[in-house]
Amino acid sequence: MDPISHRASFRLTLGAFAAWFVTIAAIWLITRNLEEHSAPAIFLGRFHILIVHVPIGLLCAALIFEVLGMSGLFPRLSDSVLPCLWLGAAGAMGATVAGYLLMAGEQIEGKDMTLHMWSGLGVVVLATLCLAAKLARLSPVLMSGLLLVTVGLTGASSHFGGNMVHDNDYLSEYAPDVLKPLLGHPTAKEALVPNAPFEQWPIYARIVQPILDAKCTECHDENKVEGGLRMDSFEALAAGGDLVKDGDIPGEFVPGKADESEMILRVTMDPSEDDFMPPGKREHMTPGEIALVSWWINQGASPTMTVAQAKPDASVTPLLNELRSKQTK
3 MDPISHRASF RLTLGAFAAW FVTIAAIWLI TRNLEEHSAP AIFLGRFHIL IVHVPIGLLC
63 AALIFEVLGM SGLFPRLSDS VLPCLWLGAA GAMGATVAGY LLMAGEQIEG KDMTLHMWSG
123 LGVVVLATLC LAAKLARLSP VLMSGLLLVT VGLTGASSHF GGNMVHDNDY LSEYAPDVLK
183 PLLGHPTAKE ALVPNAPFEQ WPIYARIVQP ILDAKCTECH DENKVEGGLR MDSFEALAAG
243 GDLVKDGDIP GEFVPGKADE SEMILRVTMD PSEDDFMPPG KREHMTPGEI ALVSWWINQG
303 ASPTMTVAQA KPDASVTPLL NELRSKQTK
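Right, dumping it as structure tokens:
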């Protein structure tokens with residue numbers, strides 16, 4: 003590369019990075035006070051899932067080509083590293099812009115979202131550094147090390163993003179038992195009254211929370227918090243989401259009034275409504291599950307009330323009998 007084109011490449015790299023930084027900052031300023039979902043942001047943001055695979059593949063290819071070229075076995079592969087870095091860095095910039103729009107538009111929060119966001123932004127910084135280092139003709143050994151760190155962070159960011167799409171045990175569910183702890187397989191939640199007779203079951207912990215875990219916490223737990231609402235514990239559910247905090251509704255549930263409780267209204271409205279939960283093709287609550295959750299709310303929505311302390315009505319007695327029979331098997 004001649005000196006003129008070399009300087010031009012450096013300027014282009016810095017200009018692209020500056021434009022990316024300004025774009026991310028502008029999106030943050032525009033969307034930081036959004037009070038509801040933004041359709042334009044969501045529309046553009048959903049291209050993230052298409053763009054994000056570009057930098058993953060190209061940055062991995064750049065590392066492989068750099069190592070093979072350095073080894074002397076395939077020296078001409080070194081010539082392919084720079085194009086991979088150009089396209090990989092550009093892809094990472096595009097993926098983070100689309101991802102930030104999606105996060106802001108759908109108002110997604112949570113531990114995995116935070117880790118995915120910051121690691122993704124870090125990938126852009128490292129990919130740009132790799133590009134600048136390659137243009138500066140950094141030694142192959144140092145270049146390989148920098149690429150290895152970049153690819154490692156790319157893998158971590160991909161993992162955090164995957165956790166928001168799949169359950170956290172997606173990788174570990176079918177792993178050998180000896181590997182499950184290493185892969186972060188979640189341990190089963192301990193029952194408040196282990197091996198207790200059915201009548202002593204705390205209704206919330208043993209009946210309601212498992213229903214919420216199966217149908218709601220994919221988007222409403224500590225890892226992914228849509229609408230500011232977590233449903234992975236009684237305390238989080240009682241605190242409510244953004245609608246509660248903004249004063250739009252009194253609470254996710256109204257003790258003694260299931261028909262006025264937001265969490266029941268959302269699962270019983272017409273599925274074609276935008277506010278119906280869970281959205282899309284996710285598995286909906288069954289009529290029996292809705293009846294059990296409604297019964298718990300109508301009984302006062304206590305976190306400690308047991309089956310024996312409640313008053314089963316005709317709508318839930320068969321369901322409770324079914325649960326009792328499953329316990330005795």
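According to our numbering, the stretch in the sequence shown is residues 3 to 331, in order. C-beta atoms are modelled at their ideal positions from N, C-alpha and C, and glycine is treated no differently. Please read these numbers as outputs of a predicted model, since none were measured by experiment.
1. For the candidate residues Thr33, Pro183, Val143 and Pro314, whose alpha-carbon lies nearest to that of Gly74?
2. Are Gly124 and Leu148 close, meaning C-beta to C-beta below 8 Å?
3. Can you pull the DSSP bridge partners for Val83?
4. Measuring alpha carbon to alpha carbon, tell me which of Asp234, Arg208 and Val54 ends up nearest Gly96.
5. Note down the Cα distance separating Glu192 from Met115, rounded to an integer number of angstroms.
6. Just to confirm my understanding: we take Leu214, look at its own chain, exclude 5 residues before and 5 after, and list those with CB closer than 7 Å. What are they?
7. List the whole-angstrom C-beta distance separating Phe255 from Ala134, where the pair is believed to meet the contact cut-off of C-beta under 8 Å.
8. Do you know whose CA, among Gly112, Met287, Gly164 and Leu150, lies nearest Gly243's CA?
9. If we call anything under 8 Å between Cβ atoms a contact, is Asp201 one with Val309?
10. Here's the rule I'm using: 16 or more other beta-carbon atoms within 10 Å means buried, otherwise exposed. How should His222 be labelled?
11. Based on Cα-Cα distance, which residue from Leu321, Leu89, Pro57 and Val83 lies nearest to Glu68?
12. Identify every residue that forms a DSSP beta bridge with Thr288.
13. Any idea which residues DSSP pairs Pro204 with across the strands?
14. What ranges does the alpha helix (DSSP H) occupy inside the region 33 to 98, keeping only unbroken runs of at least 4 residues that lie completely in it?
15. With burial defined as no fewer than 16 other Cβ atoms inside 10 Å of the residue's Cβ, what is the status of Asp315: buried or exposed?
16. In the structure shown, what three-state DSSP assignment does Val227 receive?
17. With a Cβ-Cβ cutoff of 8 Å, do Ala27 and Gly107 count as a contact?
18. Since Leu149 is in the alpha helix (DSSP H), which residue starts that stretch and which ends it?
19. By how many angstroms is the C-alpha of Ser304 removed from the C-alpha of Ser263?
20. Between Ile58, Gly101, Pro320 and Asn165, which has its C-alpha nearest His50's C-alpha?
21. Distance, Cα to Cα, Arg268 vs Thr15?
22. Distance check for Val127 and Val153, CA to CA, integer angstroms please.
23. Ordered along the chain, which non-local residues of its own chain (more than five positions away) have a Cβ less than 6 Å from that of Thr130?
24. Quick check on the DSSP output: the alpha helix (DSSP H) that includes Ser121 runs from which residue to which?
25. Can you tell me the Cβ-Cβ gap for Met279 and Lys226, rounded? I've got them flagged as a contact below 8 Å.
26. Sort out for me which residues DSSP pairs Ile110 with in a bridge.
27. In whole angstroms, what is the alpha-carbon distance linking Val195 and Phe236?
28. Between the Cα of Gly302 and the Cα atoms of Gly258, Lys328 and Ser327, which residue gives the shortest distance?
29. Going by beta carbon distance, what residues of the same chain come within less than 8 Å of Leu325, once the five residues before and after it are set aside?
30. If we ignore side chains and look at the alpha-carbon of each, how far apart do Met145 and Phe162 end up?
31. Distance check for Gly253 and Val99, CA to CA, integer angstroms please.
32. So, is Ile299 buried or exposed, given that buried needs 16 or more other C-beta atoms within 10 angstroms?
33. With the cut-off set at 8 Å, would you say Arg48 and Leu104 are in Cβ contact?
So, to answer that:
1. Of Thr33, Pro183, Val143 and Pro314, the residue nearest in Cα terms is Val143.
2. Between Gly124 and Leu148, the C-beta gap is not smaller than 8 Å, which leaves the two residues out of contact.
3. None, per the DSSP bridge assignment.
4. Ranking Asp234, Arg208 and Val54 by Cα distance to Gly96 puts Val54 first.
5. Confidence in Glu192 is poor, its pLDDT being 43 and thus under 50, which makes the residue's placement too unreliable to answer from.
6. Setting aside the 5 residues that flank it on each side, Leu214 is surrounded in the same chain by Met233, each with a C-beta closer than 7 Å to its C-beta; the list follows chain order.
7. Here Phe255 is actually not in contact with Ala134; their C-beta atoms are around 54 Å apart, not less than 8 Å.
8. The shortest C-alpha separation from Gly243 is found at Gly112.
9. Note that residue 201 corresponds to Glu in the displayed sequence, not to Asp. In contact: Glu201 and Val309 (Cβ atoms closer than 8 Å).
10. By the neighbour-count rule (16 or more Cβ atoms within 10 Å), His222 is buried.
11. Out of Leu321, Leu89, Pro57 and Val83, Val83 has the C-alpha closest to the C-alpha of Glu68.
12. Checking the DSSP bridge columns, you'll see Thr288 has no partner listed.
13. Paired residue(s): Thr308.
14. Secondary structure in the region 33 to 98: the alpha helix (DSSP H) runs of 4 residues or longer, each lying completely within the stretch, are 41 to 47, 50 to 53 and 55 to 73 in chain order.
15. Counting the other CB atoms within 10 Å of its CB gives Asp315 a total below 16, which places it among the exposed residues.
16. Strand at Val227.
17. The answer is no: Cβ separation not under 8 Å.
18. Secondary structure note for Leu149: its alpha helix (DSSP H) is the uninterrupted segment Pro142 to Val167.
19. The alpha-carbon atoms of Ser263 and Ser304 are separated by roughly 14 Å.
20. When each option's Cα is compared against that of His50, the closest is Gly101.
21. Distance between the alpha carbons of Arg268 and Thr15 is about 48 Å.
22. Roughly 12 Å between the two C-alpha positions.
23. Phe19 and Ala91, listed in sequence order.
24. Lys113 to Leu137 is the extent of the alpha helix (DSSP H) around Ser121.
25. For Met279 against Lys226, the beta-carbon gap comes to about 14 Å, at or over 8 Å, which does not count as contact.
26. Bridge partners of Ile110: Glu228.
27. Caution is warranted here: a pLDDT of 45 is assigned to Val195, below 50, making its placement in the model unreliable, and the coordinate value is therefore given only provisionally. Going by the C-alpha atoms only, they are around 16 Å apart.
28. Of the residues Gly258, Lys328 and Ser327, the one whose Cα lies closest to the Cα of Gly302 is Gly258.
29. Its chain contains Phe200 and Ile209 as the residues whose beta carbon lies nearer than 8 Å to that of Leu325, once the 5 sequence neighbours on both sides are disregarded; these appear in chain order.
30. Going by the C-alpha atoms only, they are around 26 Å apart.
31. Distance between the alpha carbons of Val99 and Gly253: 34 Å.
32. Flag for Ile299 reads buried.
33. Contact flag set, yes.
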